[in-house]
Amino acid sequence: MQCTPMPEASAGRDRPIRSIEVRVPATSANLGPGFDSMGIALDLWNDFRLTLGASHDGITVVVTGEGEDSLPRDGEHLVLATLLAELHQAGVAAPTSLRLECINEIPSASGLGSSSSAVVAGLAMAAALIQSARSGRCIGPHEIDLHHVLSRAVEIEGHGDNVTPAIHGGLQVVYSHGDHYRNRAIPIPPMKVVVCVPNFAYLTSEARAALPSTISHADAVFNIGHAMLVVEALRGQDEALLSDALQDALHERYRIPSIPGATAARQAALDAGASAVCLSGAGPG
Numbered sequence: 025m026q027c028t029p030m031p032e033a034s035a036g037r038d039r040p041i042r043s044i045e046v047r048v049p050a051t052s053a054n055l056g057p058g059f060d061s062m063g064i065a066l067d068l069w070n071d072f073r074l075t076l077g078a079s080h081d082g083i084t085v086v087v088t089g090e091g092e093d094s095l096p097r098d099g100e101h102l103v104l105a106t107l108l109a110e111l112h113q114a115g116v117a118a119p120t121s122l123r124l125e126c127i128n129e130i131p132s133a134s135g136l137g138s139s140s141s142a143v144v145a146g147l148a149m150a151a152a153l154i155q156s157a158r159s160g161r162c163i164g165p166h167e168i169d170l171h172h173v174l175s176r177a178v179e180i181e182g183h184g185d186n187v188t189p190a191i192h193g194g195l196q197v198v199y200s201h202g203d204h205y206r207n208r209a210i211p212i213p214p215m216k217v218v219v220c221v222p223n224f225a226y227l228t229s230e231a232r233a234a235l236p237s238t239i240s241h242a243d244a245v246f247n248i249g250h251a252m253l254v255v256e257a258l259r260g261q262d263e264a265l266l267s268d269a270l271q272d273a274l275h276e277r278y279r280i281p282s283i284p285g286a287t288a289a290r291q292a293a294l295d296a297g298a299s300a301v302c303l304s305g306a307g308p309g
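Residue 207 in our numbering sits at position 183 of the sequence shown, and the numbers go up by one each step.
Here it is in structure tokens:
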């Protein structure tokens, strides 16, 4: 994530925020066995720009690209809904005039973290406005409290495998520590990822409903071992190991039957020379 608060034109950072620009990458979560705990950022972006004090009071939302025919154009837009809820919770008055511009490359309901990108953007904007209101100046990009953004994002999304790489980039492992969430970046070389996104939406809520309420000890052990191997394979660019590692016993077998063409797409990828194949997040990509 890149978040850049900007003061009024020709003014220093001792002036209030005039606009905020946020870039958030697409993410692929789970990576097979790393269910709800592992994710990677992709070079596909949603760009958001929030401008305060436009020519008239109220909310204006402009959406270009993915979702331009379906996303809300008011305070129900997930970026603004997240932003306004955070301001209210912090006791900071919401601006009377807001303009949100969105340039979206991430398809909605595709398993590529589109909702996470919106939540993260809204939280980052809120953090900048709250810290600016309390300090009386336009804060710099590196002053945003990313630990707070991560914790709130996990609370809102319910899991951290998408939001963590959306915030920090790269390959990330997220885990709980008491009442807090922490992350660990795993350095890996650049890699090529091919994403196949079918022309239909598959909501995370639907994908979660397909999962069993309990799992066996054997399946849990299977995933723990394979998740460790995924990290090692990606760090060492070991394609043979990745092929063995990217297997799952907790979620894919329950979700793939609800995704038409998923089995054929997996086989086509392997036949074309892919090292390994997995669902991206909850799917359908």
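All C-beta atoms in this analysis are idealised placements derived from N, C-alpha and C, irrespective of residue type, glycine included.
Exercise. When the Cβ atoms of the region 239-247 are set against those of the region 190-208, are three or more pairs found closer than 8 angstroms?
Worked result: Too few Cβ pairs lie closer than 8 angstroms, so no.
Problem set entry | Inter-residue Cα distance where the pair is D295 and S267 | On the sequence shown, residue 295 is found 271 positions in, with the first residue counted as 1. On the sequence shown, residue 267 is found 243 positions in, with the first residue counted as 1. Going from the Cα of D295 to the Cα of S267 covers about 13 angstroms.
Exercise. Got a sec, what are the start and stop residues for the alpha helix (DSSP H) H112 sits in?
Worked result: What you label residue 112 is simply residue 88 of the sequence shown in a count that begins at 1. Unbroken alpha helix (DSSP H) run through H112: L102 to A114.
Exercise. Under 8 angstroms between the Cβ atoms of S138 and S132?
Worked result: By one-based count along the sequence shown, residue 138 stands at place 114. By one-based count along the sequence shown, residue 132 stands at place 108. It is a contact, given that the beta carbons lie within the stated cut-off.
For this session: Name, in chain order, the residues that DSSP records as bridge partners for V85.
Result: By one-based count along the sequence shown, residue 85 stands at place 61. Answer is L124.
Problem set entry | Pair within 8 angstroms by beta-carbon distance, T51 and A65 | Residue mapping note: residue 51 aligns to position 27 of the sequence shown, counting from 1. Residue mapping note: residue 65 aligns to position 41 of the sequence shown, counting from 1. Cβ distance < 8 angstroms, so T51 and A65 count as in contact.
Exercise. Okay, do the region 277-292 and the region 242-255 touch, 3+ Cβ pairs below 8 angstroms being the bar?
Worked result: no
For this session: Pull up the distance between the alpha-carbon of H192 and that of A209, whole angstroms please.
Result: For the purposes of this step, residue 192 is taken as the residue at position 168 of the sequence shown. For the purposes of this step, residue 209 is taken as the residue at position 185 of the sequence shown. Spanning the two alpha carbons is a distance of roughly 8 angstroms.
Exercise. Which of the three DSSP states, helix, strand or coil, is assigned to E167?
Worked result: As a working mapping, residue 167 is identified with position 143 in the sequence shown. In the three-state reduction of the DSSP assignment, E167 falls in the helix class, which pools H, G and I.
Exercise. Hey, how far is the Cα of T28 from the Cα of A288?
Worked result: Position 4 of the sequence shown holds residue 28. Position 264 of the sequence shown holds residue 288. Computed Cα separation, rounded: 43 angstroms.
Problem set entry | Beta carbon of G297 nearer than 8 angstroms to that of L136 | As a first step, residue 297 is located in the sequence shown; it is residue number 273 there, counting from the start. As a first step, residue 136 is located in the sequence shown; it is residue number 112 there, counting from the start. Not closer than 8 angstroms, so no.
Problem set entry | A142, buried or exposed, once every other Cβ within 10 Å from all chains shown has been counted against 16 | Within the sequence shown, numbered from 1, the residue matching residue 142 stands at position 118. By the neighbour-count rule (16 or more Cβ atoms within 10 Å), A142 is buried.
For this session: Locate the alpha helix (DSSP H) running through G63, then write down its first and last residues.
Result: Counted from its first residue, the sequence shown places residue 63 at position 39. That residue, G63, is in no alpha helix (DSSP H); its beta strand (DSSP E) goes M62 to L76.
Exercise. Could you give the uninterrupted runs of the beta strand (DSSP E) lying entirely in the region 183-269, keeping only those of 3 residues or more?
Worked result: 195-201 and 204-210
Problem set entry | Opening and closing residue of the alpha helix (DSSP H) in which E276 lies | Residue mapping note: residue 276 aligns to position 252 of the sequence shown, counting from 1. Taken as a continuous stretch (DSSP letters only), the alpha helix (DSSP H) holding E276 covers E276 to R279.
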